[in-house]
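*Asks:* Heads up: the sequence lines are chains A and B, in that order.
Counting with full-length UniProt numbering, you get residues 1 to 181 for the letters of the first sequence.
Counting with full-length UniProt numbering, you get residues 1 to 181 for the letters of the second sequence.
Beta carbons: idealized from backbone N, C-alpha and C, even for Gly.
Computed from a predicted model, the values in this text were never measured in an experiment.
2 protein chains.
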Amino acid sequence: MNLSPKIENFVLHCGEMGSRWGFNRTIGQMVGLLVINEHPLTANQIAEALKISRGNVSMGIKELQSWQLVKVHHVPGDRKEYYAPNGTIWDLANKVFEERRKREIDPTLTLLRDQILDSANSPEEKYAQEQMQSIHDLLETVTKWSAELQRLTPDQLQSLMKLGSSVSKVIDLKDKLLKKS
Amino acid sequence: MNLSPKIENFVLHCGEMGSRWGFNRTIGQMVGLLVINEHPLTANQIAEALKISRGNVSMGIKELQSWQLVKVHHVPGDRKEYYAPNGTIWDLANKVFEERRKREIDPTLTLLRDQILDSANSPEEKYAQEQMQSIHDLLETVTKWSAELQRLTPDQLQSLMKLGSSVSKVIDLKDKLLKKS
DNA sequence: TTTAACTTTCAATAATTACTGAACGCTTAG
DNA sequence: CTAAGCGTTCAGTAATTATTGAAAGTTAAA
């Protein structure tokens, strides 16, 4: 596994971004490597390419599987496992997006629902609850929206994009239609 | 600064989520505390409420200012600085969203643009570039979309949400609109 | 000025997170 | 049955990130 400079560059960049995207540097590099390679790679190839230990690869693969980002291939007569991205770029992005929603939004939504049900017993708590309600509403909106967007194919999304420079046109249109009915 | 259990609970939760949202535990708590309190707080109050050092508060505030999440108040005849959230919940979420886009997407977009301009000089690089092109297109779409959504007010967004359970209806609307014009 | 009331900075240290490599486990070919 | 080839685990260690607290900086009242 000798990476060309251009490919290595990409892989290293994925490493840098890894932590921002929810995993760590090494795992970011693994994703980059798997995505950029046309053919599935063995754990040893990954370890060699990224210059990390065999055990680290094993842990990384495990993590990526929990995100559903990799799938395993087998070659007849070969006992090694070959790893490849689990779907297209689009699929992977969707999975990351979904998983992050689960980690970043859902727990807060749950907490807020509980807190809001409780009655406030001081002016501070009154205000606090109003704020929590706002956050709750916001997160719920975001959640619904992300579910909607995930359902669209890239083509549909592109189609929506072409509406023009502002989605607010759609809203105006909607309002007009509602007035008529 | 004695936090009621309910409020403390919320603040601690913000701490847990802090790292997922792009900052660290302490800074998450600070945001939670400021948002949940109707009145601006001094650095000392924050330090006391969260049981952290005065210096840590100073650094946290600095970080939050770089995200544009807090603003400073002054009380006449009082030299202390009072900190408060910089806008509504909605404003704050927008700022976080925007800042994260800058950190998580923009650098990759820049890298990919450069890489794609380069010519491939091997079959592997050919494939690699196709993949990079896919990622590039995806990220560009996401970027454009997030810009669109950010332009909407909460009301407009709610309005859009109520269009129905599927955004594809919006696409239908778009088609109708295009036919008329 | 001086001093008091604040804020900021940063080197030292603590806490957390990631990585290695040796040991173990499983499977299959010989 | 044994050994070789692979994958997994995890205690120990390395690397990174966060926090403290003391010193230095800033401002304004006296």
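Alpha carbon to alpha carbon, what distance is there between A:Trp67 and A:Ile46?
*Replies:* Taking the first sequence and counting its residues from 1, one reaches residue 46 of chain A at position 46. Taking the first sequence and counting its residues from 1, one reaches residue 67 of chain A at position 67. Spanning the two alpha carbons is a distance of roughly 18 Å.
*Asks:* Could you tell me if A:Met17 is buried or exposed, where buried requires 16 or more neighbouring beta carbons within 10 angstroms of its beta carbon?
*Replies:* Residue mapping note: residue 17 of chain A aligns to position 17 of the first sequence, counting from 1. Buried is the call here.
*Asks:* Exposed or buried, B:Met59, counting other C-beta atoms within 10 Å across all chains shown (16 or more means buried)?
*Replies:* Translated into positions along the second sequence, residue 59 of chain B becomes position 59. With fewer than 16 Cβ atoms within 10 Å of its Cβ, B:Met59 is classed as exposed.
*Asks:* Determine, for B:Asn86, whether the minimum Cβ-Cβ distance to residues of chain A falls below 9 Å.
*Replies:* Translated into positions along the second sequence, residue 86 of chain B becomes position 86. With 9 Å as the cut-off, B:Asn86 does not count as an interface residue toward chain A.
*Asks:* Which residues in chain B have a C-beta closer than 8 Å to the C-beta of A:Ile135? List them in chain order.
*Replies:* Your numbering for residue 135 of chain A matches position 135 in the first sequence. Near A:Ile135 (Cβ distances below 8 Å), the residues of chain B are Val35 and Ile89.
*Asks:* Tell me, please, which residues DSSP counts as bridged to A:Val70.
*Replies:* In the first sequence, the residue the question calls residue 70 of chain A occupies position 70. Beta-bridge pairing links A:Val70 to A:Pro85.
*Asks:* Can you tell which of A:Gln129, A:Leu160 and A:Pro154 has its C-alpha closest to the C-alpha of B:Glu38?
*Replies:* Taking the second sequence and counting its residues from 1, the one referred to as residue 38 of chain B is at position 38. Ranking A:Gln129, A:Leu160 and A:Pro154 by Cα distance to B:Glu38 puts A:Gln129 first.
*Asks:* Is the stretch 18-29 of chain B touching the stretch 86-104 of chain B, taking contact as three or more C-beta pairs under 8 Å?
*Replies:* The answer is yes - the stretch 86-104 of chain B touches the stretch 18-29 of chain B, with three or more Cβ pairs under 8 Å.
*Asks:* Beta-carbon separation of B:Gly87 and B:Lys95 under 9 Å?
*Replies:* Walking along the second sequence from the start, residue 87 of chain B turns up at place 87. Walking along the second sequence from the start, residue 95 of chain B turns up at place 95. Yes, they are a contact pair.
*Asks:* Counting pairs of Cβ atoms below 8 Å between the stretch 133-152 of chain B and the stretch 103-118 of chain B, do you hit three or more?
*Replies:* Contact between the stretch 133-152 of chain B and the stretch 103-118 of chain B is present, because at least three Cβ pairs lie under 8 Å.
*Asks:* Taking the continuous alpha helix (DSSP H) assigned at A:Pro107, which residues delimit it?
*Replies:* What you label residue 107 of chain A is simply residue 107 of the first sequence in a count that begins at 1. Asp106 to Leu117 is the span of the alpha helix (DSSP H), which, as asked, contains A:Pro107.
*Asks:* What is the DSSP secondary structure of A:Leu152, counted as helix, strand or coil?
*Replies:* Your numbering for residue 152 of chain A matches position 152 in the first sequence. Of the three classes helix, strand and coil, the one that applies to A:Leu152 here is coil, per DSSP.
*Asks:* To the nearest angstrom, how far is the alpha carbon of B:Pro123 from that of B:Pro85?
*Replies:* Position 123 of the second sequence holds residue 123 of chain B. Position 85 of the second sequence holds residue 85 of chain B. Approximately 53 Å, taken between the alpha carbons.
*Asks:* By the criterion of Cβ-Cβ separation under 9 Å, what are the contact partners of B:Ala49 in chain A?
*Replies:* Here residue 49 of chain B refers to the residue found at position 49 of the second sequence. Within chain A, no residue comes near B:Ala49; the closest Cβ sits about 12 Å away, beyond 9 Å.
*Asks:* Could you check how far apart the C-beta atoms of A:Gly28 and A:Phe10 are, in whole angstroms? I think they sit under 8 Å.
*Replies:* In the first sequence, the residue the question calls residue 28 of chain A occupies position 28. In the first sequence, the residue the question calls residue 10 of chain A occupies position 10. Contact doesn't hold; Cβ gap of about 11 Å is too wide.
*Asks:* For the alpha helix (DSSP H) holding A:Phe23, just list the boundary residues, first then last.
*Replies:* Taking the first sequence and counting its residues from 1, one reaches residue 23 of chain A at position 23. Run containing A:Phe23: none; DSSP gives neither H nor E here.
*Asks:* Residues of chain B with CB closer than 9 Å to the CB of A:Thr141, please, in chain order.
*Replies:* Taking the first residue of the first sequence as 1, we reach residue 141 of chain A at position 141. The contacting residues are Pro154, Leu157, Gln158 and Met161.
*Asks:* At the 9 Å Cβ level, is B:Thr42 part of the contact set with chain A, yes or no?
*Replies:* The count along the second sequence starts at 1 and reaches residue 42 of chain B at position 42. False, the Cβ-Cβ gap to chain A never drops below 9 Å.
*Asks:* What do you reckon, are the CB atoms on A:Val70 and A:Leu34 nearer than 9 Å?
*Replies:* Counted from its first residue, the first sequence places residue 70 of chain A at position 70. Counted from its first residue, the first sequence places residue 34 of chain A at position 34. The answer is yes: Cβ separation under 9 Å.
*Asks:* Tell me, to the nearest whole angstrom, how far the beta carbon of B:Tyr82 is from that of B:His74; I am working on the premise that it is less than 8 Å.
*Replies:* Within the second sequence, numbered from 1, the residue matching residue 82 of chain B stands at position 82. Within the second sequence, numbered from 1, the residue matching residue 74 of chain B stands at position 74. Contact holds; Cβ gap of about 7 Å.
*Asks:* Is there a C-beta anywhere in chain B that falls below 9 Å from the one on A:Phe10?
*Replies:* Against the first sequence, residue 10 of chain A aligns to sequence position 10. Cβ-Cβ to chain B under 9 Å: yes for A:Phe10.
*Asks:* Which of the three DSSP states, helix, strand or coil, is assigned to B:Leu139?
*Replies:* Reading the second sequence from its first residue, position 139 is the one you call residue 139 of chain B. Helix, per DSSP.
*Asks:* Just to make sure I have the definition right: I need the residues of chain A whose C-beta is within less than 9 Å of the C-beta of B:Asp118. Which are they?
*Replies:* Numbered from 1 along the second sequence, position 118 holds the residue referred to as residue 118 of chain B. Neighbours of B:Asp118 on chain A, chain order: Lys6.
*Asks:* So with CB distances below 7 Å, who are the chain A contacts of B:Leu138?
*Replies:* As a working mapping, residue 138 of chain B is identified with position 138 in the second sequence. Those are Ile89, Trp90 and Ala93, listed as they occur along chain A.
*Asks:* Drop a sphere of 10 angstroms on the beta-carbon of A:Pro40, count the other beta-carbons inside from all chains shown, and report buried for 16 or more, exposed for fewer.
*Replies:* Taking the first sequence and counting its residues from 1, one reaches residue 40 of chain A at position 40. Counting Cβ neighbours within 10 Å, A:Pro40 comes out buried, since at least 16 surround it.
*Asks:* Need the endpoints of the alpha helix (DSSP H) that B:Pro5 sits in, please.
*Replies:* Start at 1 with the first residue of the second sequence, and residue 5 of chain B comes out as number 5. Element bounds for B:Pro5: Pro5 to Gly18.
*Asks:* At the 9 Å Cβ level, is B:Met30 part of the contact set with chain A, yes or no?
*Replies:* Taking the second sequence and counting its residues from 1, the one referred to as residue 30 of chain B is at position 30. Not one chain A Cβ lies under 9 Å of B:Met30.
*Asks:* Note the first and the last residue of the continuous alpha helix (DSSP H) segment covering residue 193 of chain A.
*Replies:* The shown model of chain A, from 1 to 181, leaves out residue 193 of chain A, and the question about it has no answer.
*Asks:* Taking 9 Å as the cut-off, decide whether the C-beta atoms of A:Leu12 and A:Met30 are in contact.
*Replies:* Residue mapping note: residue 12 of chain A aligns to position 12 of the first sequence, counting from 1. Residue mapping note: residue 30 of chain A aligns to position 30 of the first sequence, counting from 1. Not closer than 9 Å, so no.
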